[in-house]
Amino acid sequence: MTGYYKKWFYPLVLPALILFAMVILIPFLLGILYSFTGWRGTYFAGGGEWYESFVGLQNYVKAFKNPKFMSSLWYTLRYTVVAVIAINAAGLALGLMVTGISKGSGAYRTIFFMPNLLGGLALGYIWQIIFNSLYTDLLFGPNGIFPVDFFSYMLQDQTKALFALVIMMVWQTAGYMMIVYVTGLNNIPGDLYEAAQIDGTTLWQRFKNITLPMLMPSITICVFLTLANSFKLLDQNIALTNGDFNTRMLAMQILRTTKDTTPPDYGLAQAQAVIFFIMIAIITLTQVTVTKKQEVEL
Amino acid sequence: MEQKAQATTRRFHGSKVVLYIVLTLLAAYTLAPLYFLLVNSFKSQSEIVRNPLSLPSLWDFSYLSNAAEKINFFRSLGITFLITLASLILIVVVSSLAAWIMVRNKTKTSGVIFLFFVSAMLIPFQSIMYPLLNFMDMLGLKNMGGLVIMYGGFGLSMSVFLYHGFIKSVPQGIEEAAVIDGANILQVFFRIVFPLLRSTTVTVIILNGMWIWNDYLLPFLVIGNSSGVKTLTLELYFAKILSGQYGSPWELIFPAVLISILPIVVVFLSLQKYFIKGISEGAVKT
Amino acid sequence: MKKFTKLLSVICMLAVVISMFSACSKKNENPGSSSGSSSAGGNTAGSVKELYIYNSKGENAEQFTAMCKAYEQATGIKVRSFSIGSGQDHMETLRAEMQGAADAQPAIFTIQGLKELIEWKDSGAALDLSSVTDNTEFKALVDAIPEGLRLTTDGTNSYGIPYNVEGYGYIMDTQMLADLIDGDMQAAYNDLVFCSYEEFEAFVKAVDAYIKAPSAATVTLNGNTYTFKGQKTGLAENLTGVFAVAASEKWTYGDHMLNVAINAVFPNVAAANSATQEQLDQLKGPFSAFARALDLKTSYAAGDTAGAKRGNDFIVATNYGYDSTLQRFVDGKALFMKNGNWVAPQVSALDEEKASRLTFVPVKIPLTQEDIVAGDWTVEEFNSTIPVFVPMYYAINANKDTQTIAAAENFLIWLNTTEEGKRYVTEDFQFIPYNADPATTTLSNSLGQSILNFMKAGKTLSAPYNGAPASWGGDTVGLEIMEKYLTKETWTEEDYGSIADYAISKWKEMMNQ
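Residue numbers (full-length UniProt numbering), protein chains in the order written: chain Z, 1 to 298; chain D, 1 to 286; chain X, 1 to 513.
Written out as structure tokens, the structure is:
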């Protein structure tokens, strides 16, 4: 039988390999190549072919010297830290709550999941109105019901806008994480809680000593998902603030680099994209290793 | 399942009423933005600008029908459906076959290839976006077919990964029996193995389908405007940019967004069991 | 079975190799064809399948399509057009269109000035129209473009046929002025055009006082005294402020309004494009004057029910975005709105009557005589002129085959020289043709006519703003003003200076990038 499978290995794996090579591998390698050239999008600066337009490491040096790139890098990191914590806390809280009830649990799950169905652009436009009309005019602005400076004009300050983006992303993605957490919660054997209850433990003790450790696999997954998504956030960033008040994040910076100059500097954009990839790879791999290690220890 | 749920319930026994209140408030908060979308789909531009929060003074359906016309609703719906369907078929067939044979033929090569697929999950779209388009253009694939191929490529990594994880737990014995009975390799796979993978297939379809349906950047870059065929999101985008120099034609955007999300909401509501199952299984295997 | 396997894998590998190969070879034939061979075909356009025109002006999309249909009927050549809003991602969309095989690319595309030309010139996509010699009619059309309007990098080449000319200033409803002031409205309008900045400032403050509490106050314009009506009547009744300001749209003050100040130092695009450090330092005075004028404009802005104040609310798009600002102006809540004649169709759609009464008052800034380095304007003359410029050009795609290029040439001849083509430009698009003689032309739309009047009098500035570094105006200076100053209730002398310094230092910084 092994021989049989071996014989068929290449024919069956080949379609996937071709698809992979065409869509991911070759463009990825081309991208690395182009990041060393004066690529202009529809042509190469100073020559017909890419090798005639070779500029060495110049694009990378330019990227790190570019204040817009550096500022978007820090902003992305700050956002990612806050968003990962907030989205997971909210998702876990929702998960605990919907598993805490039996009647109507499904309906709540459906509602909480709904925002995931919307595309990012449309969503951003709707939330612009919400932050202005609801948060500022009606609730938290100077003339609102409970004036809170932090929640008014949230899109007009770098830090406030970061939290505005977090609020919106929690709204959109907490329901998704909730579903993953619910699965994890349902896998925790009930007798563990019963035994603990007999021992007279408090709710918090049970959460800390049973739920959390048992939930570690789900946490790994959810943190992985939110980490990558937060780091790569684009549509919502564009639609909500469009980068005003220094709120450009990395993905948007890469996209906008081609608009910052004429002719458009696609080579520089590509160099930033390569740096972007390396960072994502490092961050997610580190995270997976760290949390996986914790799972084993517990 | 039942027992576990009950046990979990017991943990928060006393606070049930509070729990319902909190959940209901959160549900209202979750639905509020959708309420804005709904009420503003029936208002004129000046009414939206003046009273974005209130109910429309008149439930005027003309904005919806105008928007449907502007974004060629039925045509673009059909196109989006076809693209999504074709991409999903491509992803499911190619990745399940590859994953299956990689599990069954455990060699070093197979391991290396698998690692390749999985590590590609780390590549952000922006990193390859520009060269990808350039390359596809060289191949003469800057068209609908190319779009399907690109979705196929992007969906591949995760799907191979999911199938790979599941197939490991599928016993090999039946396959051997079928081979002895004289079935060819494709018959073995599609008649015997594939039906066993149903739950993973559902996951793959849901996870990929959701983003392919809503994606706007790729169709924008690939199809752009060169042909009359556009996806829903693309129609939406062009409807916005074509209708004013700088302003935002809200009286078109809101109803257009509303009707463009209706199909996927309907699909979700009728198949939500699969959505939830798909997502939780997809996550567990990651 | 084994054979079949091998065969299959060989086929697959072949497919990959072939596709890669064809990719390379296809790429090779593309750039080469762009030069030289382009204008060989002459004006026989018989075998052209379709003429694809990329129009980066969204406002006239419908009329543009109709014009293409008319051309199709007149000549039998199939024309397809695509129009996209000029402010949106038109460059990205154009790039996407220009990346495909030459067959699918547009034959005619539009370029917004020198800044965008560089990309298409370098890539070889823009045809140098001055190299066309075989089509005499087209050559004549190209040669006849007035020197100041030519899209050129060195003075001899020429990459585009002007789309039209446009102008901007403070748009005003003449009837509203008549309802505000006793006596001859036309005389009052003329004096508004010619008055000094100081008189204009006093007028703005007087109108503001009148809105708050109407009285028969007097105001001096250009030396003549006018008296306000004692009571609010007619169109003056709805006024809540003097200016309709789109404060959340950073380009409205970062582009066009700033351009007025740049005119004091740079007479045209080319001069600004090759600016020296010294010249940029000379902008300090004009930019401070611009900031002062912007202070005036944003201090007396109209809101929905009362005057608008600078502050956080002021820069929220849902409050003071482009659409709501236009709506406010049309509703008669403001006397002036800084905008161009391109807004005429949008105003018509909201209020046709009002659109027919509109006219321009120049944007005035408090310059001193020393500030004006370019040209020999006096301060008063400078402040009674409006910028008039070519917003974009039709360029021909050099990658197309010779027949298509010939067909594109013929189309542009038809559009700019035949009666039918010209009728579309002036009546359907409501444009001012670049080749119109202001002395003999009259236009049916009032804003266009107002610009013609300024042209007739020789009172026009140009658009050196287009020579500033990319993304310097709205995205950098405009953004800074929006974020730091429009949220601030009062501005000081220092603020005027720091706005000017910021604008200059950013120009210097971005120029070298």
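C-beta: ideal position from N, C-alpha, C; glycine also.
Computed from a predicted structure; not experimentally measured.
Which same chain residues end up closer than 8 Å to Glu281 of chain X when comparing Cβ atoms and leaving out the 5 residues on each side of it in sequence?
In the sequence under discussion, the amino acid at residue 281 of chain X is Asp, which differs from the Glu named in the question. Closer than 8 Å at the Cβ level, and outside the excluded window around Asp281 of chain X, lie Ile504.
Quick one: what's Asp173 of chain X bridged to in DSSP?
Answer by DSSP bridge pairing, in chain order: X:Leu358.
Those runs of the beta strand (DSSP E) which lie wholly inside the segment 188–268 of chain X and span at least 3 residues:
Those beta strand (DSSP E) runs which fall completely within the segment 188–268 of chain X and span 3+ residues are 218–221, 224–227 and 241–244.
Count the other C-beta atoms from every protein chain shown that fall within 10 angstroms of the C-beta of Ile85 of chain Z, then say buried if there are 16 or more, exposed otherwise.
By the Cβ neighbour-count rule, Ile85 of chain Z is exposed, with fewer than 16 other Cβ atoms within 10 Å of its own.
Apart from the five residues just before and just after Pro438 of chain X, which ones in its own chain have a Cβ nearer than 6 Å to its Cβ?
If we look at Pro438 of chain X and ignore the five residues flanking it on each side, its Cβ neighbours are Leu452, Met455 and Lys456.
For Ser65 of chain D, the residue or residues it bridges with in DSSP
Beta-bridge pairing links Ser65 of chain D to no other residue.
Within 10 Å of its beta-carbon, does Tyr108 of chain Z have 16 or more other beta-carbons around it, so buried, or fewer, so exposed?
Tyr108 of chain Z is buried by the Cβ-count criterion.
For chain X, is any of its Cβ atoms less than 9 Å away from the one on Ala273 of chain Z?
Put simply, the CB of Ala273 of chain Z is far from chain X, with every gap to its CB atoms at 9 Å or more.
Per the contact definition of three or more C-beta pairs closer than 8 Å, is the segment 198–209 of chain X in contact with the segment 293–302 of chain X?
Inter-segment contact for the segment 293–302 of chain X and the segment 198–209 of chain X is present: three or more beta-carbon pairs are separated by less than 8 Å.
Can you round the beta-carbon distance between Phe287 of chain X and Ala500 of chain X to whole angstroms, since I take them to be within the 8 Å contact cut?
About 3 Å separates the CB atoms of Phe287 of chain X and Ala500 of chain X; that is less than 8 Å, so the two are in contact.
Run the CB neighbour count on Ser37 of chain X, radius 10 Å, all protein chains shown included, and call it buried at 16 or more, exposed below.
Residue placement at Ser37 of chain X is poorly supported in this model, since its pLDDT is 36, which falls under 50; the coordinates still yield a value, given next. Exposed: under 16 other Cβ atoms inside 10 Å.
Output, in sequence order along the chain, the residues in the segment 249–263 of chain X whose CB is closer than 8 Å to any CB in chain D.
Residues are counted here when their Cβ sits less than 8 Å from a Cβ of chain D; for the segment 249–263 of chain X these are Glu249 and Trp251, given in chain order.
Using a Cβ-Cβ distance under 9 Å, would Ser462 of chain X count as near chain Z?
No - not a single Cβ of chain Z is within 9 Å of the one on Ser462 of chain X.
Compare the C-beta of Val316 of chain X against all C-beta atoms of chain Z and say whether one is closer than 9 Å.
The beta-carbon of Val316 of chain X is placed less than 9 Å from the nearest beta-carbon of chain Z.
Contact list for the segment 31–51 of chain Z against chain X, Cβ threshold 8 Å:
Across the segment 31–51 of chain Z, CB contacts with chain X closer than 8 Å involve Arg40, Gly41, Thr42, Tyr43, Ala45 and Gly48, in sequence order along the chain.
Quick test of the definition: if touching needs 3 or more C-beta pairs under 8 Å, does the segment 106–117 of chain X touch the segment 393–403 of chain X?
A contact exists between the segment 106–117 of chain X and the segment 393–403 of chain X.
Report the three-state DSSP secondary structure of Ala308 of chain X (helix, strand or coil).
For Ala308 of chain X, the secondary structure class from DSSP, reduced to helix, strand or coil, is strand.
Please state the DSSP three-state secondary structure of Ile32 of chain Z.
Reduced to three states, the DSSP call for Ile32 of chain Z is helix.
Three-state secondary structure (DSSP) at Tyr216 of chain D?
In the structure shown, Tyr216 of chain D sits in coil (DSSP, three-state: anything other than H, G, I, E or B).
Looking at the C-beta of Pro171 of chain D, does it have a partner C-beta in chain X at a distance below 9 Å?
Interface annotation, Pro171 of chain D: not in contact with chain X, CB-CB separation never under 9 Å.
Assign Thr110 of chain X to one of three DSSP states: helix, strand, or coil.
In this structure, Thr110 of chain X counts as strand in the three-state DSSP scheme.
Any 3 or more C-beta pairs closer than 8 Å across the segment 121–134 of chain D and the segment 257–274 of chain Z:
Flag = yes, the segment 121–134 of chain D and the segment 257–274 of chain Z touch.
Please report the Cβ distance between Ile91 of chain D and Gly155 of chain D, rounded to the nearest whole angstrom; I am assuming they are in contact, meaning their Cβ atoms lie under 8 Å.
Contact holds; Cβ gap of about 4 Å.
Which whole-angstrom value describes the C-beta separation of Phe140 of chain Z and Ser152 of chain Z, a residue pair presumed to lie in contact below a C-beta threshold of 8 Å?
Correct: roughly 5 Å between the Cβ atoms.
Give the straight-line distance between the Cα atoms of Met257 of chain X and Ile315 of chain X, rounded to the nearest whole angstrom.
When rounded, the distance between both Cα atoms is 17 Å.
Please identify, using Cβ separations under 7 Å, the residues of the segment 110–134 of chain Z that lie next to chain X, in order along the chain.
Per Cβ criterion, the list reads Gln128, Ile129, Asn132 and Ser133.
Gly254 of chain X classed as buried or exposed, judged by whether at least 16 other C-beta atoms fall within 10 angstroms
Gly254 of chain X is buried by the Cβ-count criterion.
By alpha-carbon positions, which one of D:Ser44, D:Ala177, D:His164 and D:Ala67 ends up nearest to Trp59 of chain D?
The candidate whose alpha carbon is nearest that of Trp59 of chain D is D:Ser44.
For Phe21 of chain X, does the three-state DSSP call read helix, strand or coil?
Confidence at Phe21 of chain X is low in this model, with a pLDDT of 40, below 50, so its placement is unreliable and the value that follows should be read with caution. Helix at Phe21 of chain X.
Is Phe125 of chain D near Ala96 of chain X, with beta carbons less than 9 Å apart?
Not a contact, by the Cβ cut-off of 9 Å.
Asp235 of chain Z touches chain X at which residues, Cβ-Cβ below 9 Å?
Near Asp235 of chain Z there are no residues of chain X at all, since even the closest Cβ is about 14 Å away, more than 9 Å.
In this structure, how does DSSP classify Pro124 of chain D when only helix, strand and coil are distinguished?
Here Pro124 of chain D carries a coil assignment [DSSP, helix/strand/coil].
6 Å Cβ shell around Leu92 of chain Z - same chain, five flanking residues per side excluded:
Same-chain partners within the cutoff: Tyr181.
DSSP beta-bridge partners of Leu51 of chain X:
Beta-bridge partners of Leu51 of chain X (DSSP): X:Val79.
Please determine, among X:Ile405, X:Gly332 and X:Asp475, the residue with the shortest C-alpha to C-alpha distance to Leu177 of chain X.
Nearest C-alpha to Leu177 of chain X: X:Gly332.
In the structure shown, what three-state DSSP assignment does Pro162 of chain X receive?
Here DSSP, grouped into helix, strand and coil, assigns Pro162 of chain X to strand.
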